[in-house]
Structure formats: structure tokens, C-alpha cells
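Here the structure is laid out as C-alpha cells; the discussion comes afterwards.
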Amino acid sequence: MFFLTPVLVAVVCILIVWIFKNGDGSSKRRKGEPRARAEVRPWVDEDLKDNTDLHQGEEDANDRQESEEDVEHIPFSHTRYPEKEMVKRSQEFYALLSKRRSVRFISSEQVPMEVIDNVIKTAGTAPSGAHTEPWTFVVVKDPDVKHKIREIIEEEEEINYLKRMGRQWVTDLKKLRTNWVKEYLDTAPVLILIFKQVHGVAASGKRKVHYYNEISVSIACGILLAALQNAGLVTVTTTPLNCGPRLRVLLGRPTNEKLLMLLPVGYASKEATVPNLTRKPVDQIRVIV
22 MFFLTPVLVA VVCILIVWIF KNGDGSSKRR KGEPRARAEV RPWVDEDLKD NTDLHQGEED
82 ANDRQESEED VEHIPFSHTR YPEKEMVKRS QEFYALLSKR RSVRFISSEQ VPMEVIDNVI
142 KTAGTAPSGA HTEPWTFVVV KDPDVKHKIR EIIEEEEEIN YLKRMGRQWV TDLKKLRTNW
202 VKEYLDTAPV LILIFKQVHG VAASGKRKVH YYNEISVSIA CGILLAALQN AGLVTVTTTP
262 LNCGPRLRVL LGRPTNEKLL MLLPVGYASK EATVPNLTRK PVDQIRVIV
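Heads up: the sequence shown is residues 22 to 310, going by our numbering.
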């Protein structure tokens with residue numbers, strides 16, 4: 022019995038080594054298999070990772086919030102248009118939104134704050150998981166704060182372009198003539214930073230689950246872009262990698278908020294240009310079953 026013990030130990034050791042080699046992908050690739058290229062994958066910002074798969078079962082039972090009282094339901098008021106009017110309105114809305122472009126040349130001319138409030142209220146009409154409304158819109162007008170934001174973003178964006186984003190990503194961006202210099206962060210009269218609230222805080226002080234916060238805030242951002250276009254303003258969607266934590270601290274936002282998007286907002290400058298791009302026709306983006 023004793024002479025088998027070393028043999029059994031050796032077998033167990035071999036099995037452990039084999040499991041680890043195959044589990045982490047460090048084993049030699051088979052003949053004909055493509056070489057792994059994980060080292061060239063673009064770096065992903067932790068703040069931009071989708072964290073909507075929240076498993077409540079993993080939470081401490083004492084942290085679960087009590088269900089709120091039933092919300093009163095009221096009659097739904099809706100305007101239904103004749104078919105011809107529907108077609109006309111849909112065509113007009115498409116014509117308006119089809120002119121939306123990402124504009125990086127923004128005038129310093131001031132815009133009415135009432136318009137900014139209205140477009141943010143419009144974004145706030147977006148649907149959200151369990152009506153948690155997990156968004157915060159931070160409007161920055163102060164020139165000094167805008168410049169600090171620019172300094173943080175340009176510092177990180179230079180690293181992004183040189184190291185984090187990956188060669189293919191940088192190559193694909195060349196046609197758009199973008200780089201880490203973001204002059205519009207100073208010139209735009211308004212910056213709107215959209216934060217997703219990964220969780221809320223109930224009246225009791227306990228965490229309140231925000232279901233599908235990533236999707237909910239993304240929908241709100243889409244509505245905000247449409248509202249800005251409707252108001253005659255321009256912007257460019259920016260998701261500055263690795264800047265979220267520093268910008269959150271700069272703006273005094275709580276730790277449950279993570280930066281999802283930053284929009285410089287204003288009027289297009291007189292010398293503004295945009296890439297001559299085309300959009301896919303409907304038959305390439307729509308499938309009828």
C-alpha cells in the first residue's frame with residue numbers, strides 16, 4: 022500500500038499541471054491553429070464595462086430593499102395619427118436626424134440654458150429598468166473646470182492612442198482625423214457628462230438595485246442626441262477611456278456613479294467640416310421575418 026503512495030502523488034501532480042496548462046491557454050497550439058493575439062486587443066475601460074447582470078442572490082439578505090408600495094395606474098393618453106400623417110411625420114423626423122453628424126469644431130457662442138434644460142428633461146423621459154432612472158447629467162459651463170476636464174482627457178487619451186486602443190482601432194480612426202487633442206472641450210460653451218448610477222440609495226440608506234442601468238442610460242443618451250439635433254445644436258459623442266474616476270472626483274460625484282459619455286454641446290463653428298460618410302441603406306440594417 023505504501024509503495025503506491027508516491028505513484029498516486031505523481032499522477033495527481035500531472036493532472037493538476039495538465040488542468041492549469043489547458044485552463045489558461047498556455048499549452049502549445051495545435052498544428053494549423055491560429056496564433057493567439059490577445060496582446061493586441063484594445064484595452065477596455067472598467068467604467069464602460071456592462072455590469073447589468075446583477076445577481077441579487079449574491080447580496081447580503083440584510084441589504085435588500087423593501088418593495089415600494091403599488092404605484093397608481095392612470096388612463097393612458099395617446100395621439101394616434103392617420104396613416105398618411107404617420108408617414109409624413111416619420112419621413113420628416115428621419116430627414117431631421119439624418120443630418121445629425123459628429124461635429125468636432127464647435128463655436129464658443131453661448132447657448133440658452135433653457136434649451137439645455139429642455140433637452141436633458143427630454144433625455145429623462147427614457148425608459149429604465151423598474152423605473153429607477155439611473156442617470157445623472159452634469160452640465161459644465163465654468164471655463165476653468167472645462168479646461169481641467171480637457172487636461173485629464175488629453176493626458177489619458179494620448180496613452181489610449183499610443184498603447185491602450187490597439188493598432189487596428191487607431192488605424193480605423195485615421196479616416197476621421199481624430200487624435201488625443203480635444204480643443205472643443207475648451208471652446209464648447211457647455212459640456213454634458215452623463216453618468217450611470219450603478220446602484221441607488223434607498224431612504225433607509227441601503228443600496229437600491231438599478232436594473233439594466235447600462236442599457237437604460239444608453240437609451241437616454243440616444244434620446245438626448247435626437248433632442249440636441251432637434252434644437253439645432255451639435256455635439257460629438259465621446260467616451261474617454263480611463264478618465265471616469267478622475268472626472269468623477271473633479272465633479273464631486275458619488276462612488277456609485279460611473280461616467281458613460283461626454284458631450285461637448287454648442288453651435289457648429291463657421292469653419293466646421295465633417296467626413297464625407299454615408300450610412301447603410303435600410304435593407305442592410307432591417308430584417309423582416
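Backbone N, C-alpha and C fix where the C-beta goes; we use that ideal spot for every residue, glycine too.
Please read all numbers here as calculations on a predicted model, not as lab measurements.
The DSSP assignment places complete beta strand (DSSP E) segments of no fewer than 3 residues inside the region 112-189 at 156-161, in order along the chain. Selection P275, P210, F126 and I180 evaluated against C264 yields I180 as nearest (Cα-Cα). In this structure, L206 places its C-beta atom within 8 angstroms of the C-beta atom of R171. Three or more Cβ pairs closer than 8 angstroms define a contact, and the region 96-103 falls short of that threshold against the region 227-247.
E104 and R307 have their C-alpha atoms some 21 angstroms from each other. Rounded to the nearest whole angstrom, the CA to CA distance from A223 to T157 is 16 angstroms. By the 16-neighbour rule on beta-carbons within 10 angstroms, V270 is exposed. Within the same chain, Cβ atoms closer than 8 angstroms to the Cβ of S129 are found at T208, A209, P210 and G287, the five residues on either side in sequence being excluded. Cα atoms of F216 and V159: separation of roughly 8 angstroms, rounded to the nearest angstrom. The three-state secondary structure of A289, taken from DSSP, is strand. Note on R125: 16 or more other CB atoms within 10 angstroms of its CB, so buried under the neighbour-count rule. Take the alpha-carbon of L298 and the one of S123: they are about 11 angstroms apart.
Here DSSP, grouped into helix, strand and coil, assigns V222 to strand.
About 6 angstroms separates the Cβ atoms of P155 and V238, confirming a contact at the 8 angstroms cut-off. In the three-state DSSP reduction, T192 falls in the helix class (H, G or I).
Per DSSP, the continuous beta strand (DSSP E) segment holding R228 begins and ends at R228 to V230. DSSP places T294 outside both helix and strand once states are collapsed to three, so it counts as coil.
The beta-carbon distance between A144 and A293, rounded to whole angstroms, is 24 angstroms. This is too long to meet the 8 angstroms contact definition. The Cβ atoms of V136 and A289 lie no closer than 8 angstroms to each other. Looking at the DSSP output, T256 sits in a beta bridge with S123.
Selection L262, K291, L272 and G150 evaluated against M282 yields L262 as nearest (Cα-Cα). Burial check for I173: the Cβ neighbour count within 10 Å reaches 16 or more, so the residue is buried. Going by C-alpha positions, P296 is about 15 angstroms away from T258. With a beta-carbon spacing of about 29 angstroms, P275 and I127 fall beyond the 8 angstroms limit used to define contacts.
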